[in-house]
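Trainee: Here's a structure for you.
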Amino acid sequence: MDLGLEGARVIVTAGAGGIGRAIVDAFLREGAHIATCDIDPEALGSLPDSVFARRVDVSDPEALTAFMDEALAELGGLDCLVNNAGIAGPTGRIEEIDLAGWRQTIDVVLTSQFLTASRAVPALRQSPNPSIVNLSSVAGRTGFALRTPYAAAKWGVIGLTKSLAIELGEAGIRVNAILPGLVAGDRQRRVLEAKAQSRGQSFSEVEAEAFRYTSIKEYVPPAAIASQILYLASPLGRFVSGQSLSVCGDTRMLA
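For the sequence shown, our numbering assigns the number 102 to the initial residue and increments by one for each residue that follows.
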């Protein structure tokens, strides 16, 4: 199926690895022009030469806004912004989490999306097919014990998404959030390992408990998330806005 994304101008944050890389690769297969940033220089080096890429710590406001300005100039405009950057944040009970860990998680997961959107919207207003897709999480719908900073930030992403959808609707800019569940990859493994250590349990015990609350008892492939984002960014998704769409195998709780 032709999604109508040939020549689309797309910015993806944290696009060199994991979910972000799957998103970048999916857009490239559709013929889109991509700009991305990532904190991992080795992963950035694996991207195709056609991708405009810069090393950026998205918790640094000056570096992030400079990247956005440079990327917009390089692309010559913008049709889709995908806010993918995120970190797991600290694992522990609320009284064990320090302010630095809280602030870093909020900065990376939520504040970075505010900063990119504020820079992107003027360019999106000039696009014939403008959209923003923000990565939230099932944790932004269910909460997540021992991962309070992460869950709070992801709930914030949903509030940001809905508010921007209302605010930008008159300009035809649609804004949606994707809520992944248990995603295949090293990051998910590290999260479960940290939880196992915090609880004094084995990895297999924590993994089994996590899947107890999902209907489809498999890790979600990053490509499945990328496919949903392609639809939302395409003209086929023109009337989908303000939505929080779970790609999680029907996860009812994060344990």
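C-beta: ideal position from N, C-alpha, C; glycine also.
How would you label residue 169, buried or exposed, when you count the other beta carbons within 10 angstroms and need 16 or more for buried?
Mentor: So residue 169 ends up on the buried side.
Trainee: State the CB to CB distance for the pair residue 320 and residue 284, rounded to an integer number of angstroms; the pair is presumed to be in contact (CB under 8 Å).
Mentor: Contact flag correct, Cβ pair sits at about 6 Å.
Trainee: Determine the extent of the beta strand (DSSP E) in which residue 136 is found, giving its start and end residues.
Mentor: 134–139 is the extent of the beta strand (DSSP E) around residue 136.
Trainee: So does the stretch 181–190 actually touch the stretch 200–211, counting three or more Cβ pairs closer than 8 Å?
Mentor: With a cut-off of 8 Å, the stretch 200–211 and the stretch 181–190 count as touching, because enough Cβ pairs lie within range.
Trainee: Is it buried or exposed, residue 323, if we count other Cβ atoms within 10 angstroms and call 16 or more buried?
Mentor: Label assigned to residue 323: buried.
Trainee: Going by DSSP in three states, residue 151 sits in which element: helix, strand or coil?
Mentor: Correct three-state label for residue 151: coil.
Trainee: Taking residue 167 as the reference, give the member of 213, 276 and 255 with the closest Cα.
Mentor: Of 213, 276 and 255, the residue nearest in Cα terms is 213.
Trainee: Go to residue 272, then tell me how far its beta strand (DSSP E) extends in each direction, as first and last residue.
Mentor: No beta strand (DSSP E) holds residue 272; DSSP gives it neither H nor E.
Trainee: Tell me which residue opens and which closes the alpha helix (DSSP H) that residue 111 is part of.
Mentor: That residue, residue 111, is in no alpha helix (DSSP H); its beta strand (DSSP E) goes 110–114.
Trainee: Give me the Cα-Cα distance between residue 333 and residue 249, rounded to the nearest whole angstrom.
Mentor: Roughly 29 Å between the two C-alpha positions.
Trainee: From 131, 110 and 160, pick the residue whose C-alpha is nearest to that of residue 137; which is it?
Mentor: Nearest option by C-alpha distance: 110.
Trainee: Quick one: grab the DSSP three-state call for residue 323.
Mentor: If DSSP states are grouped into helix, strand and coil, residue 323 belongs with the helices.
Trainee: From residue 162 to residue 149, what distance separates their C-alpha atoms?
Mentor: Between residue 162 and residue 149, the C-alpha separation is close to 27 Å.
Trainee: Let's test the definition: count the other Cβ atoms within 10 Å of the Cβ of residue 194 and tell me whether it reaches 16, buried, or not, exposed.
Mentor: By the 10 Å Cβ count, residue 194 comes out exposed.
Trainee: In the DSSP output, which residue or residues are listed as bridge partners for residue 280?
Mentor: Its beta-bridge partners are 347.
Trainee: Where do the N-terminal and C-terminal ends of the beta strand (DSSP E) with residue 232 fall, by residue?
Mentor: Note, residue 232: beta strand (DSSP E), 232–236.
Trainee: Looking at the strands, I want to know which residues DSSP matches up with residue 183.
Mentor: The partner list for residue 183 (beta bridge, DSSP) reads 113 and 234.
Trainee: Pull up the CB-CB distance for residue 113 and residue 183, whole angstroms please, since I reckon it's below 8 Å.
Mentor: Contact holds; Cβ gap of about 4 Å.
Trainee: In chain order, what residues of the same chain lie with their CB nearer than 7 Å to the CB of residue 216, ignoring the 5 residues before and after it?
Mentor: Hits under 7 Å: 162, 165 and 166.
Trainee: Under DSSP, the alpha helix (DSSP H) around residue 304 begins and ends at which residues?
Mentor: Where residue 304 is concerned, the enclosing alpha helix (DSSP H) stretches over 304–313.
Trainee: Could you pull the start and end residues of the alpha helix (DSSP H) that residue 219 belongs to?
Mentor: Element bounds for residue 219: 213–225.
Trainee: Could you give the C-beta distance for residue 280 and residue 228, rounded to a whole number, given that I count them as a contact under 8 Å?
Mentor: No, residue 280 and residue 228 are not in contact; Cβ-Cβ is about 25 Å, not under 8 Å.
Trainee: Return helix, strand or coil for residue 192, following the three-state DSSP convention.
Mentor: Residue 192: coil per DSSP, three-state reduction.
Trainee: Taking the alpha carbon of residue 192 as the point to measure from, which residue in 147, 292 and 338 has its own alpha carbon closest?
Mentor: That would be 292, whose Cα lies nearest to the Cα of residue 192.
Trainee: Between which residues of its own chain and residue 178 is the CB-CB distance below 7 Å, once the five residues before and five after are set aside?
Mentor: For residue 178, where only same-chain residues beyond five positions count, the Cβ hits under 7 Å are 110, 224, 227 and 228.
Trainee: Measuring CB to CB, does residue 278 end up less than 8 Å from residue 307?
Mentor: Cβ distance not < 8 Å, so residue 278 and residue 307 don't count as in contact.
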